[in-house]
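Novice: Numbering follows UniProt numbering, with no gaps: position 54 of the sequence shown is 54.
Think of the CB as a built atom: it goes at the ideal place given N, C-alpha and C, for glycine as much as any other residue.
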Amino acid sequence: MMLKRDSRTQSPWQQIPQANPTYLDTAKAAYDVVIIGAGISGITTALLFQKAGKNCLVLDAGNLGFGTTGGTTAHINTFFDSTYPEIESKFSKDAAKLVADAGKLAIEMISDFTQTYQIDCDLETKVGYLYAETEKEAEQLSEILESAKRAGVEVDRSTTNGLPISFLQSIKFEDQAQFHPLKYLQGLAKAFITLGGTIKENVFINDVKQEENHCTAISDDEIFTAYDIVYATHIPPGINKFSFRCAPYRSYVLGIRLNDDEQYPENLAYDMQEPYHYFRTHEVDGEKILILGGADHKTGHDDPQQAFEDLENYASQRFVIKDIPYHWSSQYYVPTDGLPYIGRMNNADDHIFVATGYNGNGMTWGTIAGHIITDLILAKENKFAELFDPCRVKPIAGFTEFVKENTDVAYHFVVDRFKAGELETFKELAKEEGKVVDYEGNQLAIYKDKTGIITALSPVCTHAGCTVSFNSEEKSWDCPCHGGRFDLEGKVLCGPPQANLKQISIGK
Ligand SMILES: Cc1cc2nc3c(=O)[nH]c(=O)nc-3n(C[C@H](O)[C@H](O)[C@H](O)COP(=O)(O)OP(=O)(O)OC[C@H]3O[C@@H](n4cnc5c(N)ncnc54)[C@H](O)[C@@H]3O)c2cc1C
1 MMLKRDSRTQ SPWQQIPQAN PTYLDTAKAA YDVVIIGAGI SGITTALLFQ
51 KAGKNCLVLD AGNLGFGTTG GTTAHINTFF DSTYPEIESK FSKDAAKLVA
101 DAGKLAIEMI SDFTQTYQID CDLETKVGYL YAETEKEAEQ LSEILESAKR
151 AGVEVDRSTT NGLPISFLQS IKFEDQAQFH PLKYLQGLAK AFITLGGTIK
201 ENVFINDVKQ EENHCTAISD DEIFTAYDIV YATHIPPGIN KFSFRCAPYR
251 SYVLGIRLND DEQYPENLAY DMQEPYHYFR THEVDGEKIL ILGGADHKTG
301 HDDPQQAFED LENYASQRFV IKDIPYHWSS QYYVPTDGLP YIGRMNNADD
351 HIFVATGYNG NGMTWGTIAG HIITDLILAK ENKFAELFDP CRVKPIAGFT
401 EFVKENTDVA YHFVVDRFKA GELETFKELA KEEGKVVDYE GNQLAIYKDK
451 TGIITALSPV CTHAGCTVSF NSEEKSWDCP CHGGRFDLEG KVLCGPPQAN
501 LKQISIGK
């Protein structure tokens, strides 16, 4: 059986058998640490705690790898979507050095875990090429080269970009890596369980509370108690500062079989377009697959079908394609000031921790989150904790982005609430299509299935009241404000909502 994901499209990673986590049958069990979310952040953190002798419980609304970790492309890098020149100018040169150190440490940690726990996850060391196709990009590339070197990253000019794509200039980062993210995750989970840890799947946490001496994580029918709770949910649920500091994006990926074996990249590669394309090869069932990602856009804003088409056109102009067995998309969160938020959620006394705002670099940041959060809870020094502190105030660095992202949110609040949707009758809706319609004075999110049966939901996102829009590729309702996503029955798939969309009976 395929591993499930929060999206209908399927990544090749999902084709491995379901792991067999242990289950709890007691309700109000007490733990040292409860971790919400069984992606790379949650499981890495859980393993580190369990190794340190703590008693941990991991809860997930779906299953291991249900979130973006099951839809990633699993490049493991020491350079990031926020470039070194950006980090130097928004933070400092020392901050850029710390970021470079964090990247190297994450790769070391992944490699150590893989060896220690004998995880067979196709981990390979690679070179990462970043290449410019225009003069302007070439200038930016030179700046990236200089500043990455200053930060201590091993990088140099290159005469190739490792792809059958022409370029003006290229640089190469040494000691990058790639792996099979779900084999890795299952390996970590197995090690965690062997050390006495517990994973409980299909538990959606509606609320977390910090009491005087302990914290609780609350689902519909259970309460879990711990000294500390970690939100490893990719974005913490509810309306909080992270709703405004992290903007949700979708990214699209094709798994392509090529006619010419020579065209498969040996290494990792990235162009500098906006949005950029990212390339690598992975062997799936003994067969090479070119994994090409790109066409990113803000969740709920652009047409997902168009995004896949654009990516396919891009690929077919550059590669000799045999067929495309995999199409998938997934979600990530862009932090306003460029660096992730990892640590205590609100203040120094907090026993609630968060790890979010990873951009497209969550293999690194999810690993580093485990490192930072375990040290914070175990009261150990951690040299990265201050830089990634979620309570950091970066008014100047964050301000322009914040205004841009927040303006967008305000637009959806106003227009979607007070302007009626397009008038459409149910009959005009094609099969397997969904749309927000104005029907007898009410807005409805309606979907017509293959057989012509129509279901209706309230289109008002339960997170902050914006109107959801239909994602035709994932057959989901996606919120353009903060990235809440719901399935066709209105159930939360991912993002910050804590409640499902209201189901509406529409009669005959
Ligand atoms: C298409 C794409 C490609 C990418 N490629 C790369 C790449 O090559 N390299 C890289 O470093 N990064 C990449 N990223 C980013 C990276 O995949 C993510 O940052 C990372 O997987 C996030 O891991 P996570 O554990 O924090 O969150 P997730 O993997 O999303 O896990 C969060 C978990 O929390 C659970 N959860 C959420 N809310 C609740 C709740 N209320 N109760 C219970 N459980 C809950 C979810 O079910 C989910 O399983 C990519 C992202 C995308 C979208």
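Span of the beta strand (DSSP E) holding H327?
Specialist: Counting along the chain, the beta strand (DSSP E) containing H327 begins and ends at 321-335.
Novice: Just curious, the beta strand (DSSP E) that V127 is in, first and last residue?
Specialist: Counting along the chain, the beta strand (DSSP E) containing V127 begins and ends at 124-132.
Novice: Would the C-beta of K331 count as close to ligand 1, meaning under 7 Å from any of its heavy atoms?
Specialist: Per the sequence shown, residue 331 should be read as Gln rather than Lys. Yes, the beta carbon of Q331 sits closer than 7 Å to at least one heavy atom of ligand 1.
Novice: Relative to ligand 1, is the shortest distance from any of its heavy atoms to the C-beta of N382 smaller than 7 Å?
Specialist: No; taking the cut-off as 7 Å, the Cβ of N382 has no heavy atom of ligand 1 nearer than that.
Novice: So the beta strand (DSSP E) H282 belongs to, where does it begin and stop?
Specialist: Residues 278-284.
Novice: Helix, strand or coil for F49, going by three-state DSSP, please let me know.
Specialist: It is helical.
Novice: Nearest by alpha-carbon distance to L493: which of S476, V393, K502 is it?
Specialist: Per the Cα distances, S476.
Novice: Give the straight-line distance between the Cα atoms of residue 521 and P237, rounded to the nearest whole angstrom.
Specialist: Only positions 1 to 508 of the chain appear in the structure, and residue 521 is not among them; the question remains open.
Novice: Identify, in the order they occur along the chain, each residue of the same chain with its Cβ nearer than 7 Å to the Cβ of K4, setting aside the five sequence neighbours on each side.
Specialist: Same-chain partners within the cutoff: G62, N63, F66.
Novice: Nearest by alpha-carbon distance to V253: which of P12, V34, A19, E283 is it?
Specialist: Cα-wise, what sits closest to V253 is P12.
Novice: Could you check how far apart the C-beta atoms of A177 and T125 are, in whole angstroms? I think they sit under 8 Å.
Specialist: Going by Cβ atoms, the distance from A177 to T125 rounds to 5 Å, so yes, they are a contact pair.
Novice: Is L378 closer than 8 Å to A52 when the C-beta atoms are compared?
Specialist: Result yes, Cβ atoms of A52 and L378 sit closer than 8 Å.
Novice: What I want to know is whether the C-beta of T281 ends up closer than 7 Å to one or more non-hydrogen atoms of ligand 1.
Specialist: Incorrect: T281 has no Cβ contact closer than 7 Å to ligand 1.
Novice: Distance check for G71 and T9, CA to CA, integer angstroms please.
Specialist: Each residue's alpha carbon lies about 9 Å from the other.
Novice: Helix, strand or coil for T455? Go by DSSP, reduced to three states.
Specialist: Here T455 sits in strand by DSSP.
Novice: Grouping DSSP H, G and I as helix and E and B as strand, with all else coil, what is V492?
Specialist: Correct three-state label for V492: strand.
Novice: Classify residue 556 as buried or exposed, calling it buried when 16 or more other Cβ atoms lie within 10 Å of its own Cβ.
Specialist: In the structure displayed, the chain extends from 1 to 508; residue 556 sits before or after that span and is not available.
Novice: Going by DSSP in three states, D6 sits in which element: helix, strand or coil?
Specialist: Note: D6 maps to coil in three-state DSSP.
Novice: Going by alpha carbons, who is nearest to V203 out of A295, V58, A385, I453?
Specialist: Taking only the C-alpha atoms, the option nearest V203 is V58.
Novice: Out of F486, A217, F279, E440, which has the shortest C-alpha to C-alpha gap to F353?
Specialist: Among F486, A217, F279, E440, the Cα nearest to that of F353 belongs to A217.
Novice: Thinking R36 and Y227 are a contact (beta carbons under 8 Å), I'd like their distance in whole angstroms, please.
Specialist: For the sequence presented, residue 36 should be read as Ile rather than Arg. At roughly 15 Å, the Cβ-Cβ gap does not stay under 8 Å, so I36 and Y227 are not in contact.
Novice: Check whether the Cβ of Y358 lies closer than 7 Å to any heavy atom of ligand 1, and answer yes or no.
Specialist: Yes, since a heavy atom of ligand 1 falls inside the 7 Å radius drawn around the Cβ of Y358.
Novice: With a 10 Å radius around its C-beta and 16 neighbouring C-beta atoms as the bar for buried, classify T147 as buried or exposed.
Specialist: According to the sequence as given, residue 147 is Ser; it is not Thr. Result: buried.
Novice: Just verifying my parser: in three-state terms, what is the DSSP assignment at T198?
Specialist: It is a strand residue.
Novice: On the criterion of 16 or more Cβ atoms from any shown chain inside 10 Å, does S166 qualify as buried, or is it exposed?
Specialist: Exposed, by the Cβ-count rule.
Novice: Indicate, with yes or no, if ligand 1 has a heavy atom lying under 7 Å from the CB of G453.
Specialist: Note that residue 453 is Ile in the sequence shown, not Gly. False, no ligand heavy atom lies under 7 Å from that Cβ.
Novice: For H234, verify whether its CB is less than 7 Å away from any heavy atom of ligand 1.
Specialist: H234: yes, Cβ under 7 Å from ligand 1.
Novice: When DSSP builds the beta bridges, which residues end up paired with S505?
Specialist: Its beta-bridge partners do not exist; DSSP assigns none.
Novice: For E473, which residues of its own chain have a beta-carbon under 7 Å away from its beta-carbon, when the five flanking residues on both sides are left out?
Specialist: Result list for E473: T9, P304, Q305, F308, S329, in chain order.
Novice: Cβ of N161 within 8 Å of Cβ of A269?
Specialist: Yes, Cβ-Cβ distance for N161 and A269 is below 8 Å.
Novice: If you draw a straight line from the alpha carbon of I372 to that of Q50, how long is it in whole angstroms?
Specialist: Cα to Cα, the separation comes out at about 15 Å.
Novice: May I ask which residues mark the beginning and end of the beta strand (DSSP E) holding D175?
Specialist: Start and end: 169-178.
Novice: Output the distance between the C-alpha atoms of S170 and M345, rounded to the nearest integer angstrom.
Specialist: Approximately 40 Å, taken between the alpha carbons.
Novice: Indicate whether C121 and F192 have their beta-carbon atoms separated by less than 8 Å.
Specialist: Result no, Cβ atoms of C121 and F192 do not sit closer than 8 Å.
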